[in-house]
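Q: The structure under discussion is supplied below as structure tokens; questions concerning it will follow.
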Amino acid sequence: MISIRNIVKEYAGHRALSGVSMEIEKGKVFGLLGPNGAGKTSLIRIINQITAPDAGEILFNGERLNQHHIAQIGYLPEERGLYKKMEIGEQIVYLAQLKGLSESEAKLRARKWFKKLEIESWWKKKIEELSKGMQQKAQFVATVIHEPELIILDEPFTGFDPVNAEIIKNEILELNRNGATIIFSTHRMESVEELCDSIALLNLSHKILDGKVKEIRNQFRTGTYIIEYTGSRVNIGIDAPFTVLSETTLEDHTQLKLAIKEGHKVNDLLHYMLPLSDISKFEEVIPTMNEIFIQAVKKQQ
Amino acid sequence: MNKILLIIKREYLTRVMKKSFLMVTFLVPVLFIGMMSLVVYLAVNQGGLGDVKKVQVVDESGWFANKIQSSKTIQYSFATDYAATKKTFIKNGYDYLLYVPATMSKIQLFGESTPSVINSGKIEDELTRVARARRLSEAHIDSAVLANAQTALSVEPKQIGENGETDANVMAKYGIGLVCAFLIYISLFLYGAQVMRGVIEEKVSRIIEVMISSVKPFQLMLGKIIGVGMVGLTQFVLWIVLTTVLSTVAGSAVGSKMSAMQQVQTAQQSQGVKTALAANADKIEPNKMAAVIHSFESLPIAQIVLCFLFYFMFGYLLYSALFAAVGSAVDNETETQQFMLPVTMPLIFTIILSQSVIVNNPDSTLSIWLSMIPFTSPIAMMIRIPFGVPWPQIAASMVLMVLGFLFTTWVASRIYRVGILMYGKKASYKELAKWFMYKE
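Just so you know, the protein sequences line up as chains A and B, in that order.
The working numbering numbers the first residue of the first sequence as 1 and each following residue consecutively.
The working numbering numbers the first residue of the second sequence as 1 and each following residue consecutively.
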């Protein structure tokens, strides 16, 4: 859907993106992750044609990005807002028209969305008279009303209260099921990892990692497990198929953090432990996106 | 193109539909006409709003008895005993006591409060008139002869051009030039500031990024400038129409009153010296009026109107682009100060000069230069046009104006496209220069 190729963007003396490339697949949810100032918003602005790259190119469905693609992109910027003095319905229709819809079509779709999000009765209200939650719903409608193929959401859940965040999240997932490609951009990496099919990590203008979430997880697996058992303490011999990284004894149970030795499997571990103890919990230690990010940064340096 | 139209439509409609727009548009002509009518009314009635002053006159000289004429505002009546009257005139309902001693050396006017300058002036005039008439007749001079001798001469300015000589009433040219220049000056400020406020509003409300993900910054800027410009034109047209309608209505009302008033006055003046003077004045007045009207007719009206529209339009486009750039560089209106000064300085500079240097010397080198530079020409040229400007100069000025507009809009849009996305950064001139240099 989107091929980003060697994008370089520089603002007087400061590099925002240095040779960033990535592929965003059609119909997937893509996470653009990285700390503040990594270059996420710069990249998004380039995809939205708000700014142009100094070098590199972006292909949209195999075509070089151009003005016609504007109508196929829906963008919810991090800095969002609407005209305060304008009636909300009129405003959504206006924004939809700027995206290329006819006036009648825009009105029809806006009504439909307002009904769906239960803000119908607010059609004639001015933005300044609305609660924050309503404004955000309206803003979301403005982002998706022209049924874009690609929806870009920059820090979508900041500023939303939990109830509205959930509503919006479900709407986004529904749009995704209906075929829209979604790009989430956020610095709160753990907030979207369960939503994303693929991610890319940006740090200090460089892409440091990208790929399918599952694959990245596998890549960063360390063969570390946690096992908990109740009853008296077990003495782990040197013949065990694992080494103990840490051991904590709580009131009635003990927790072990283990690393499997080379050449052994999880089953060997359980096989060793089962006769000795009463296992109450067993899980693999999966690195969080934050941890993966830190590791990836370290690796790069 | 379609998007620019949409933006123009929104910018125009949201402003025109505002209550404040309607208020200003309808109130200004009403206030203006109201003010003018009040001035005219007061002038016609000559203090008729104030009550009639009754003056008790004690004339020991014998010059004035039965000669002083009461007017609409001052009524005289005569008494003989100075000392007694001085004690009782207030009690008897008189406002003033006018005491003329036999020697006429020290005429005094008494009142409960200090007599106003206007009233004592009127009384003075009346005394002077009576005294002069008596002295003239004593010297055997016919007052009609004297009135004729007092003719004031005036010089009739003529301009020699291609079409022979034309009347060149300087006052009319002064007037029309200054009025046009002031209108342009005020509207550049008024509507330029509206563009700036619109840009700041988009930044503050954070809608700007949503907007420019749909349209190019330049389209947004241009749409806003044209939209607000059309609001300005609408307002001007409405003002002109409303003022014309209202002043016609008010004019006919005041006019009929005025002619009635004049008849009364002429009737009052049907005796004594004034008759001759008034008759003479009547003879002169229509000529003068005709001259003024004629000189307005001799002005190149079509040229003035066309030039006004041209300079109004391009002056507005040029300055509002700069105002838009200023708006994009700041986060709120209070920060605009540092950038406003250099933008508005050429305007202020020209309007000050135009009232002295340009209008008095429309063909001086300075005037010509000011009417060429696009930043000053909308005002300077409008002052010069009524005095006649050679067409190559007008053409050169207009070409420069269009080039200036294209150039400033280009510069402004380069600053604008970066500025609108900058938040919380205190912009300096150095910063603006950097923005300007950014690649597309």
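C-beta atoms are modelled at their ideal positions from N, C-alpha and C, and glycine is treated no differently.
Keep in mind that this is a model prediction, so the values were computed, not measured.
Thinking A/Leu-258 and A/Thr-224 are a contact (beta carbons under 8 Å), I'd like their distance in whole angstroms, please.
A: Translated into the one-based positions of the first sequence, residue 258 of chain A becomes position 258. Translated into the one-based positions of the first sequence, residue 224 of chain A becomes position 224. Their Cβ separation, rounded to whole angstroms, is 7 Å, which keeps A/Leu-258 and A/Thr-224 in contact under 8 Å.
Q: Less than 8 Å between the CB atoms is what I'm expecting for B/Gly-177 and B/Ile-383, so what's the real figure, rounded?
A: For the purposes of this step, residue 177 of chain B is taken as residue 177 along the second sequence, with counting starting at 1. For the purposes of this step, residue 383 of chain B is taken as residue 383 along the second sequence, with counting starting at 1. Between B/Ile-383 and B/Gly-177 the Cβ distance is about 4 Å, and since that is below 8 Å, they are a contact.
Q: Based on DSSP bridge pairs, tell me the residues matched to A/His-206.
A: Position 206 of the first sequence, counting from 1, holds the residue named residue 206 of chain A. Paired residues: A/Asn-203.
Q: Determine the chain B residues that contact A/Arg-80 at a beta-carbon separation under 9 Å, and present them in chain order.
A: Your numbering for residue 80 of chain A matches position 80 in the first sequence. Going along chain B in sequence order, the residues near A/Arg-80 (Cβ under 9 Å) are Arg-206, Ile-207, Glu-209, Val-210.
Q: By the 9 Å beta-carbon criterion, what residues does the stretch 103 to 128 of chain A contribute toward chain B?
A: Within the stretch 103 to 128 of chain A, the qualifying residues are Ile-127.
Q: By DSSP's criteria, A/Arg-15 is part of a beta bridge. Which residues make up the other side?
A: Taking the first residue of the first sequence as position 1, residue 15 of chain A is located at position 15. Beta-bridge pairing links A/Arg-15 to A/Glu-10.
Q: Would you please verify whether the beta carbon of B/Leu-432 is less than 7 Å from any beta carbon of chain A?
A: By 1-based counting over the second sequence, the position of residue 432 of chain B is 432. Chain A contact via Cβ: absent.
Q: Listed from N- to C-terminal order along the chain, which residues in the stretch 15 to 48 of chain A have their beta-carbon within a distance smaller than 8 Å of any beta-carbon of chain B?
A: Listed by position along the chain: Arg-45, Asn-48.
Q: Using a cut-off of 7 Å between C-beta atoms, extract the partners of A/Lys-84 located in chain B.
A: By 1-based counting over the first sequence, the position of residue 84 of chain A is 84. Per Cβ cutoff of 7 Å: Ser-205.
Q: For chain B, is any of its Cβ atoms less than 7 Å away from the one on A/Lys-137?
A: Here residue 137 of chain A refers to the residue found at position 137 of the first sequence. Not one chain B Cβ lies under 7 Å of A/Lys-137.
Q: Taking the straight line between their C-alpha atoms, what separation do you get for B/Ile-186 and A/Ala-138?
A: Locating residue 186 of chain B in the second sequence gives position 186, counting from the first residue. Locating residue 138 of chain A in the first sequence gives position 138, counting from the first residue. Approximately 39 Å, taken between the alpha carbons.
Q: Listed in chain order, which residues of the stretch 405 to 435 of chain B have Cβ atoms closer than 8 Å to some Cβ of chain A?
A: Under the 8 Å Cβ criterion, the stretch 405 to 435 of chain B contributes Leu-421, Tyr-423, Lys-434.
Q: Alpha carbon to alpha carbon, how far is A/Ala-71 from A/Ile-50?
A: In the first sequence, counting from the first residue as 1, residue 71 of chain A sits at position 71. In the first sequence, counting from the first residue as 1, residue 50 of chain A sits at position 50. Near 14 Å, if we compare the C-alpha coordinates of A/Ile-50 and A/Ala-71.
Q: Can you grab the Cα-Cα spacing for the pair B/Met-381 / B/Arg-197, in whole Å?
A: Residue 381 of chain B sits at position 381 when you count from the first residue of the second sequence. Residue 197 of chain B sits at position 197 when you count from the first residue of the second sequence. Roughly 29 Å between the two C-alpha positions.
Q: Given that a residue counts as buried once 16 or more other Cβ atoms are within 10 Å of its Cβ, and exposed if not, what is B/Lys-203?
A: Start at 1 with the first residue of the second sequence, and residue 203 of chain B comes out as number 203. B/Lys-203 should be labelled buried.
Q: Going by DSSP, name the residue or residues bridged to A/Val-20.
A: Here residue 20 of chain A corresponds to residue number 20 of the first sequence, with the count starting at 1. According to DSSP, A/Val-20 bridges with A/Ile-7.
Q: Figure out for me which residue from B/Ala-427, B/Gln-75, B/Leu-22 has the closest Cα to the Cα of B/Asn-332.
A: Working through the second sequence from its first residue, we reach residue 332 of chain B at position 332. The shortest C-alpha separation from B/Asn-332 is found at B/Ala-427.
Q: Listed in chain order, which residues of the stretch 4 to 15 of chain B have Cβ atoms closer than 7 Å to some Cβ of chain A?
A: The stretch 4 to 15 of chain B vs chain A, Cβ under 7 Å: Leu-6, Arg-10, Thr-14.
Q: Please state the DSSP three-state secondary structure of A/Leu-175.
A: Locating residue 175 of chain A in the first sequence gives position 175, where the first residue counts as 1. Helix at A/Leu-175.
Q: Is the beta carbon of A/Phe-114 closer than 7 Å to that of A/Gln-136?
A: Indexing the first sequence from 1 puts residue 136 of chain A at position 136. Indexing the first sequence from 1 puts residue 114 of chain A at position 114. No, they are not a contact pair.
Q: How many angstroms separate the CA atom of A/Arg-177 from the CA atom of A/Ser-102?
A: By one-based count along the first sequence, residue 177 of chain A stands at place 177. By one-based count along the first sequence, residue 102 of chain A stands at place 102. Cα to Cα, the separation comes out at about 26 Å.
Q: Roughly how many whole angstroms lie between the Cα atoms of B/Ile-460 and B/Gln-150?
A: Nothing in the structure corresponds to residue 460 of chain B, since chain B is present only between 1 and 440.
Q: Decide if B/Pro-378 is buried, meaning its Cβ has at least 16 other Cβ atoms within 10 Å, or exposed.
A: For the purposes of this step, residue 378 of chain B is taken as residue 378 along the second sequence, with counting starting at 1. Buried, since its Cβ has 16 or more Cβ neighbours within 10 Å.
Q: What are the start and end residues of each continuous alpha helix (DSSP H) run of 4 or more residues lying completely inside the stretch 328 to 377 of chain B, in chain order?
A: Runs of the alpha helix (DSSP H) inside the stretch 328 to 377 of chain B: 337 to 353, 365 to 370.
Q: I'd like the span of the alpha helix (DSSP H) that includes B/Glu-124, first residue to last.
A: For the purposes of this step, residue 124 of chain B is taken as the residue at position 124 of the second sequence. Here the alpha helix (DSSP H) through B/Glu-124 covers 117 to 138.
Q: Give the residues of chain A in contact with B/Thr-195, contact being defined as C-beta atoms less than 8 Å apart.
A: Working through the second sequence from its first residue, we reach residue 195 of chain B at position 195. According to the sequence displayed, residue 195 of chain B carries Val and not Thr. Per Cβ cutoff of 8 Å: no residues; B/Val-195 is ~16 Å from chain A at best.
Q: If we count Cβ pairs, one from each stretch, closer than 8 Å, do we get three or more for the stretch 273 to 284 of chain A versus the stretch 183 to 192 of chain A?
A: Counting Cβ pairs under 8 Å, fewer than three are found: no touch.
Q: Check A/Gly-56 in the structure and name its three-state DSSP category.
A: What you label residue 56 of chain A is simply residue 56 of the first sequence in a count that begins at 1. It is a strand residue.
Q: I'd like to know whether the C-beta of A/Thr-50 is nearer than 7 Å to at least one C-beta of chain B.
A: Stepping through the first sequence from its first residue, residue 50 of chain A is reached at position 50. Reading the sequence as shown, one finds Ile at residue 50 of chain A and not Thr. Output row for A/Ile-50: interface = yes.
Q: Contact between the stretch 302 to 318 of chain B and the stretch 402 to 422 of chain B is defined here as three or more beta-carbon pairs at a separation below 8 Å; is this criterion met?
A: At 8 Å Cβ cutoff, the stretches touch.
Q: Between the stretch 213 to 226 of chain B and chain A, which residues of the former have CB atoms less than 7 Å from a CB of the latter, in chain order?
A: Those residues of the stretch 213 to 226 of chain B that come within reach of chain A (Cβ to Cβ, closer than 7 Å) are Ser-213, Ser-214, Val-215.
Q: Assign A/Ile-238 to buried or exposed, taking buried as 16 or more other Cβ atoms, counted over all protein chains shown, within 10 Å of its Cβ.
A: By 1-based counting over the first sequence, the position of residue 238 of chain A is 238. So A/Ile-238 counts as exposed.
Q: Out of A/Glu-251, A/Phe-220, A/Glu-25, point me to the one whose CA is closest to A/Thr-288's CA.
A: On the first sequence, residue 288 of chain A is found 288 positions in, with the first residue counted as 1. The candidate whose alpha carbon is nearest that of A/Thr-288 is A/Phe-220.
Q: Since A/Phe-242 sits in a beta bridge, which residues does DSSP pair it with?
A: Within the first sequence, the letter at position 242 stands for residue 242 of chain A. DSSP, once it has assigned bridges, lists A/Ile-260 as partnering A/Phe-242.
Q: Give me the residue from B/Phe-375, B/Leu-190, B/Ile-420, B/Lys-106 with the minimum Cα distance to B/Val-402.
A: The count along the second sequence starts at 1 and reaches residue 402 of chain B at position 402. For the residues B/Phe-375, B/Leu-190, B/Ile-420, B/Lys-106, the minimum Cα distance to B/Val-402 belongs to B/Phe-375.
Q: List, in order along the chain, the chain B residues whose C-beta lies closer than 7 Å to that of A/Leu-98?
A: In the first sequence, residue 98 of chain A corresponds to position 98, counting from 1. Under the 7 Å cutoff, chain B gives Lys-3, Leu-6, Ser-214, Val-215.
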